[in-house]
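Enquirer: If you scroll down you'll find the structure; I have some questions about it.
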Amino acid sequence: MRHEFWFHFPFRVRYSEVDAQSVVFNAHYLTYFDTAITEYFRALGYDYLGEVARTGIDFHTVRSVVEYKAPIRFDEDIDVCVRVARIGRSSIVLALAIFAKGSEDLRATGEIVWVATDQKTHQSVAVTEELREMIASREKALAQA
431 MRHEFWFHFP FRVRYSEVDA QSVVFNAHYL TYFDTAITEY FRALGYDYLG EVARTGIDFH
491 TVRSVVEYKA PIRFDEDIDV CVRVARIGRS SIVLALAIFA KGSEDLRATG EIVWVATDQK
551 THQSVAVTEE LREMIASREK ALAQA
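Here the numbering used here is used: the first residue of the sequence shown is 431, the next is one more, and so on.
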């Protein structure tokens, strides 16, 4: 499964991220996902904040899913993998997976759905062709579709 992702971002679990059971508290998985998604777009060369300022279009999260497969513990090194699974007219579906660092040891999977939204009207708008092309340049399955 790890081979499906060209991008991964490393984390080391901090003490403040674990719960009384000594495993990562469930809400932190979404923080890991959000941080890794930001870094994914940076690796694409997409100037997220610059585009929001220039166009007035930002993405709203409309769906977040986390499936917990195995515990992640304090001081463990993990890789959060990100890929764009689908692009609709106004939406981007991001697939995520967390693995023990450098391995196929899957700890969690996830899905985040974003919708491009005009910040003045709060209406959905089309994902720009520029962003579609940037994503397709790295996501070979989307480029072939």
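The beta carbon of each residue, even a glycine, is placed where N, CA and C say it ideally should be. Computed from a predicted model, the values in this text were never measured in an experiment.
DSSP on residue 506, reduced to helix/strand/coil?
Expert: Coil at residue 506, not helix or strand.
Enquirer: I need the DSSP call for residue 555, collapsed to helix, strand or coil.
Expert: In this structure, residue 555 counts as coil in the three-state DSSP scheme.
Enquirer: Kindly give me the distance between the Cβ atoms of residue 510 and residue 471, rounded to whole angstroms, as I take these residues to be in contact under 8 Å.
Expert: At roughly 14 Å, the Cβ-Cβ gap does not stay under 8 Å, so residue 510 and residue 471 are not in contact.
Enquirer: I'd like to know if the segment 546-555 and the segment 513-527 are in contact, where contact means that at least 3 CB-CB pairs between them fall below 8 Å.
Expert: Yes: the two stretches touch, three or more of their Cβ pairs being nearer than 8 Å.
Enquirer: Give me the Cα-Cα distance between residue 563 and residue 549, rounded to the nearest whole angstrom.
Expert: Roughly 23 Å between the two C-alpha positions.
Enquirer: Can you tell me whether DSSP reads residue 532 as helix, strand or coil?
Expert: Three-state result, residue 532: coil.
Enquirer: Which one or two residues does DSSP pair with residue 473 in a beta bridge?
Expert: Its beta-bridge partners do not exist; DSSP assigns none.
Enquirer: For residue 482, report the span of its alpha helix (DSSP H) as first-last.
Expert: First-last of the alpha helix (DSSP H) with residue 482: 478-485.
Enquirer: From the DSSP output, in three-state form, read off residue 392 for me.
Expert: It is not possible to answer for residue 392, since the shown part of the chain is limited to 431 through 575.
Enquirer: Can you round the beta-carbon distance between residue 503 and residue 543 to whole angstroms, since I take them to be within the 8 Å contact cut?
Expert: About 29 Å separates the two Cβ atoms, so there is no contact after all.
Enquirer: Within the same chain, show all residues whose beta-carbon is closer than 6 Å to that of residue 605, passing over the 5 residues directly before and after it, in chain order.
Expert: There is simply no residue 605 to check, as the chain begins at 431 and stops at 575 in what is shown.
Enquirer: Name the DSSP beta bridge partners of residue 527, please?
Expert: Answer is 511, 539, bridged to residue 527.
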